[in-house]
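For what it's worth, the UniProt record's numbering labels the leading residue of the sequence shown as 1, then goes sequentially.
First comes the structure, then the notes that go with it.
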Amino acid sequence: MNRYTFVWRKSVEKNREKLESKIRGILSQIDEGIAQDNQPDNEPPTPINSKELRERINAINRENKSREELKQIKALEEKHLPKLEEYEDKLEKLGTRNSYSKTDEDATFMRMKEDHMGNGQLKPAYNQQIGTENQFITHYDFFPNPTDTLTLMPFLEGFEENYEELPDKVCADSGYGSEENYKYMEDNKIEAYVKYNYFHKEQKRSFKNNPFIQENLYYNAEQDYFVCPMGQ
């Protein structure tokens, strides 16, 4: 059993890039006019997909090829093409996520809360969201996003789908505060009781007494500029 069940986007993209570079090298050596010979040197190479590679392989004239060239063509067909298809499949499963679990492809790796030993481990999980009113659960959903910010709008859309209307008010902590979420609630006439990300930081004395923080600078709204404590 493979103990490592995680798939990371950065790793997949890096390995695919290396594979594409190797494929381009083989195609240029075979020199069938199928390599990107006309591409300027100062431009980044165009990504190769499995469909395009399969078409290029089929277009190769195998007659009068050396044993080494035939060996490279076989490697393209039996080794590199399946690997490229594997990377494409993984990226499709990732979607907009940065990771997923091989044992549960809908789960995303998230940092768990610290255990009794003070360790916060990465484990495949879902971000469960629950909406309540007067201590009754009104709606729930599961999301692959580790952060709560990206769950608010789809959660409210799910609420609207179930009840054919949106709630009049939303009360949530600062984890849900973002410009996009505030605009969504404003556009849909939802009264928002949602703190923004820096709310608690701004309540600290060190923040309020620091004259060089942008939020504490004088702002001239008419001419759209800030004035620092030195008057500049």
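C-beta: ideal position from N, C-alpha, C; glycine also.
Three-state secondary structure assigned by DSSP to Thr149: The answer is helix: DSSP assigns Thr149 an H, G or I state.
If you run the structure through DSSP and keep just helix, strand and coil, what is residue 260? For the chain, the structure presents residues 1 to 232; residue 260 sits outside this window and is missing.
At least 3 beta-carbon pairs within less than 8 Å: the stretch 119-131 vs the stretch 140-147: Taking a cut-off of 8 Å for Cβ pairs, the stretch 119-131 and the stretch 140-147 touch, as three or more such pairs fall below it.
What are the partner residues of residue 248, as DSSP defines its beta bridges? Examination of residue 248 is not possible in this model, given that the chain is present from 1 through 232 alone.
Pull the bridge partners of Ala75 from the DSSP assignment, please. Paired residues: none, contrary to the question.
Is Val227 buried or exposed, if buried means 16 or more other CB atoms sit within 10 Å of its CB? With fewer than 16 other Cβ atoms from the protein chains shown falling within 10 Å of its own Cβ, Val227 counts as exposed.
From Ser178, Glu186, Pro154 and Ile190, residue whose alpha carbon lies closest to that of Asp168: Measuring from the Cα of Asp168, the nearest candidate turns out to be Ile190.
Simplified DSSP state of Tyr182, which is helix, strand or coil: In the structure shown, Tyr182 sits in a helix (DSSP, three-state: H, G or I).
Starting from Phe143, follow its DSSP beta bridges and name the residues at the other end. Answer is Asn127, bridged to Phe143.
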